[in-house]
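K.L.:
Residue numbers -24 to -1, 1 to 516, in mature numbering (1 follows the signal peptide of the UniProt record, and there is no 0), belong to the letters of the sequence shown in order. Before I ask anything, here is the structure I am working with.
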Amino acid sequence: MNQAIITPIFFGILACWSAISVTAEDRYQFFTWEITKGTIFPLGVPQEGILINGQFPGPTIEAITNDNIVVNVINKLDDKFLITWSGIKQRRTSWQDGVLGTNCPIPPNSNWTYKFQVKDQVGTYTYFPSTKIHKAAGGFGGFNIAQRSTIAIPYPAPDGEFTLLVGDWSKTNHKVLRRLLDVGKSLPFPDALLINGVKDNAVFTGEAGKTYKFRVSNVGMATSINFRIQGHSLKLIEVEGAHTLQETYESLDVHVGQSMTVLVTLDKSIGDYYIVASTRFTNPILTTTATLRYSGSNSKASGLLPVGPTDVEWSIKQARTIRLNLTANAARPNPQGSFHYGTIPVLRVLQLANSKSIVNGKLRYAVNGISHINPSTPLKLADWFNIPGIFDLNTIKDFPSSSKSVKLGTSVLGFTLHDFAEIIFQNDENTIQSWHMDGSSFYVVGFGKGKWTPDVRRTYNLVDGITRYTTQVYPNSWTTILVSLDNKGMWNLRSAIWENRYLGQDLYMRVWNNEQSLYTETNVPLNALFCGKAKHLPKL
């Protein structure tokens, strides 16, 4: 065939392929968020808050599975600032994680653009500031991911949905709270609970006879909550991206950093009903209410508030009933249950014990005796550019030592890509703990009181344990997770209780192999901020 004929045919084919790829590309959503400080009134008195586009809480992102999310964050605070995306599994790109181990913070009066895809995800999540103690002033919001229309959901489609951000709140300015931590003191007990930024004031309206999806997230700083609705049952359908067995509950515990989704049918007489959230494992107990209003209601909610649970055993028993729905599809058309995690050989066992101590005259929290300090150079930049002296993989050990001493250090655990690990969280304190993992979901396979021993493995749920990103660890108890570390990068594993995290209960997992491929990890973003020892490196 003549070359003059071959060339146009070849480029014609390429053009068709290109057109097909453009047509098939997943949707993009673009956001511009201006971060400012402003006056808010969550408890009826003015206080300084952190606003996103003038809003407190920030705007809710409504995405669909596989959407590409582009968020231009313009920082107009007088502090450096970052946002992290809690539970969003950013495949192959910890560069977008928004924590100090992976990103240089955004300087005042400048901007940075996050770019990531919610690949193969569905469910209820949140975002919030990861720097300093900004979360105590706002800057948080909901992040909901709906399934594509081509993928069936394992329950009747609801008639509407509501996002509820529940969390403890303090009237004290966040800078004052930070100074308390910096001088080695604990944070004061919170002043109240809020629902969507207000106390006893939010209203959610629906029609009698219809069913609504309630997305409930604990966006607080320190306290677990119990959620319930007067006279109505809660059918649990999803936990942080995993479809659950559809058990019905009168109330649900939601621990710090966790998200749950329930279906509520408005099957009572037309009227107003109390939505109640109260703190768990605290003295005193804080309570806040919102209103579930039936359309056409002319009456205010009345009567006694539904009573919440008071003991730890109740919460443990409930947690064991939250299990994976093995017959449901996930964000892709393959059954979740096809991943038989209980038959996979464990390659690495870690036991992470939290503790607190006085170091150099100040309160510090630790994991396996190391209280984490964030270096001025993000760990991810140091790892990528082989900058020495920032971290090593021997600072923190896989198991706690018998010594009670606490040292300051930069905690990084080294893993090989696709390691399957058993991680035991050991809590020897009298307060409940909450742990969050970035980059990978994990199976919660066991809870128990006292010290973990190898014998308790026989009690693990190795069939339908729930997958999630945040797990509670009860007082003087242990929790075990199994996780496939299949997402290359530098990922944060932290206490979701802010005082503990700020004062050192924080570490990173370096998930690595020596293959340099865009199929396993993206390159450093072209817009990456460089700081610390990486500040003057040339951008590739």
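Note that the Cβ used here is the ideal one computed from N, Cα and C, for glycine as well.
Cutting at 6 Å between CB atoms, please list the residues of its own chain near G196, excluding the five before and the five after it.
P.N.:
For G196, where only same-chain residues beyond five positions count, the Cβ hits under 6 Å are G143, D144 and V232.
K.L.:
Looking at the structure shown, is G465 part of a helix, part of a strand, or coil, going by DSSP?
P.N.:
The answer is strand: DSSP assigns G465 an E or B state.
K.L.:
If you follow the alpha helix (DSSP H) that K65 is in, where does it begin and where does it stop?
P.N.:
Where K65 is concerned, there is no enclosing alpha helix (DSSP H), given that its DSSP letter is neither H nor E.
K.L.:
Which residue comes first and which comes last in the alpha helix (DSSP H) that contains D158?
P.N.:
Its alpha helix (DSSP H) spans residues H150 to D158.
K.L.:
According to DSSP, H219 sits in a beta bridge with which residue or residues?
P.N.:
Paired residues: E214.
K.L.:
Apart from the five residues on each side of it in sequence, which residues of its chain come closer than 8 Å, Cβ to Cβ, to E223?
P.N.:
Answer for E223: K211, L212, T297 and I298, listed in chain order.
K.L.:
For T(-18) and E497, I'd like the C-alpha separation in whole angstroms.
P.N.:
A caution first: T(-18) carries a pLDDT of 38, below 50, which makes its placement in the model unreliable, though a value can still be read off. When rounded, the distance between both Cα atoms is 35 Å.
K.L.:
Would you check if the stretch 3 to 20 and the stretch 41 to 54 touch, i.e. whether three or more CB-CB distances between them fall below 8 Å?
P.N.:
Touching, yes, given that three or more Cβ pairs across the two stretches are closer than 8 Å.
K.L.:
DSSP has M236 in a bridge; who is on the other side?
P.N.:
Answer by DSSP bridge pairing, in chain order: V192 and V215.
K.L.:
Is the distance from the Cβ of K509 to the Cβ of I363 below 8 Å?
P.N.:
In this structure, I363 lies closer than 8 Å to K509 by Cβ.
K.L.:
Closest to A307 by CA distance: which of N202, E216 and Y450 is it?
P.N.:
When only C-alpha atoms are compared, the closest one is E216.
K.L.:
Is Q(-22) helix, strand or coil by DSSP?
P.N.:
Any answer about Q(-22) is weak, because its pLDDT of 39 lies below 50 and its placement is not dependable; what the coordinates show is given next. Note: Q(-22) maps to helix in three-state DSSP.
K.L.:
D55 and K91: beta carbons closer than 8 Å?
P.N.:
Result no, Cβ atoms of D55 and K91 do not sit closer than 8 Å.
K.L.:
If you draw a straight line from the C-alpha of T176 to the C-alpha of L384, how long is it?
P.N.:
Correcting the residue identity first, residue 176 is Asp in this sequence and not Thr. The alpha-carbon atoms of D176 and L384 are separated by roughly 42 Å.
K.L.:
Thinking M413 and L469 are a contact (beta carbons under 8 Å), I'd like their distance in whole angstroms, please.
P.N.:
Confirmed, Cβ separation roughly 5 Å.
K.L.:
Does the beta-carbon of I205 have 16 or more other beta-carbons within 10 angstroms, so that it is buried, or is it exposed?
P.N.:
Buried, since its Cβ has 16 or more Cβ neighbours within 10 Å.
K.L.:
Within 10 angstroms of the Cβ of H208, are there 16 or more other Cβ atoms? Answer buried if so, exposed if not.
P.N.:
With 16 or more Cβ atoms within 10 Å of its Cβ, H208 is classed as buried.
K.L.:
If distances are taken between C-alpha atoms only, which option among S333, R269, T386 and L239 comes closest to P351?
P.N.:
Measuring from the Cα of P351, the nearest candidate turns out to be T386.
K.L.:
Please confirm if the stretch 364 to 371 is in contact with the stretch 399 to 417, defined as three or more CB-CB distances below 8 Å between the two stretches.
P.N.:
Because the criterion of three Cβ pairs below 8 Å is not met, the stretch 364 to 371 and the stretch 399 to 417 do not touch.
K.L.:
By Cβ distance, which residues of its chain are closer than 7 Å to V94, with the 5 residues on each side in sequence left out?
P.N.:
A39, T41, N42, D43, I45, I64 and I121, listed in sequence order.
K.L.:
Assuming the contact rule is C-beta atoms closer than 8 Å, G117 and G34 should be a hit. Round their C-beta distance to whole Å, please.
P.N.:
Indeed they touch by this definition, with Cβ atoms about 3 Å apart.
K.L.:
Does the stretch 178 to 187 come close enough to the stretch 151 to 163 to have 3 or more Cβ pairs within less than 8 Å?
P.N.:
At 8 Å Cβ cutoff, the stretches do not touch.
K.L.:
Check L281 in the structure and name its three-state DSSP category.
P.N.:
Three-state DSSP puts L281 in coil, outside helix and strand.
K.L.:
For my contact list, A253 and T264 are in at a C-beta cut-off of 8 Å; report their separation, rounded to the angstrom.
P.N.:
The Cβ separation is near 5 Å, so the contact holds.
K.L.:
Please determine, among I127, I171 and D167, the residue with the shortest C-alpha to C-alpha distance to T139.
P.N.:
Minimum Cα distance to T139 is reached at I171.
K.L.:
Under the rule that 16 or more other beta-carbon atoms within 10 Å means buried, what is A128, buried or exposed?
P.N.:
When all chains shown are included, A128 counts as exposed.
K.L.:
According to DSSP, is N476 helix, strand or coil?
P.N.:
Three-state DSSP puts N476 in a helix.
K.L.:
Does H208 come out as helix, strand or coil in the three-state DSSP assignment?
P.N.:
Strand at H208.
K.L.:
Taking DSSP as the reference, what is the three-state secondary structure of P430?
P.N.:
DSSP places P430 in helix when its eight states are reduced to three.
K.L.:
What are the residues that DSSP puts in a beta bridge with W88?
P.N.:
Its beta-bridge partners are V49.
K.L.:
Could you pull the start and end residues of the beta strand (DSSP E) that V179 belongs to?
P.N.:
First-last of the beta strand (DSSP E) with V179: V179 to G182.
K.L.:
Just the Cα atoms here: how many angstroms apart are T455 and I246?
P.N.:
C-alpha separation (whole angstroms): 43 Å.
K.L.:
Would you kindly report the start and end of the unbroken alpha helix (DSSP H) that includes L355?
P.N.:
Element bounds for L355: L355 to W360.
K.L.:
I'd like the span of the beta strand (DSSP E) that includes A295, first residue to last.
P.N.:
That residue, A295, is in no beta strand (DSSP E); its alpha helix (DSSP H) goes V288 to T297.
K.L.:
Which same chain residues, not among the five before or five after S377, have their C-beta less than 7 Å away from its C-beta?
P.N.:
Result list for S377: G345, in chain order.
K.L.:
Tell whether a beta-carbon distance below 8 Å holds between P430 and N79.
P.N.:
No, these two residues do not count as a Cβ contact at 8 Å.
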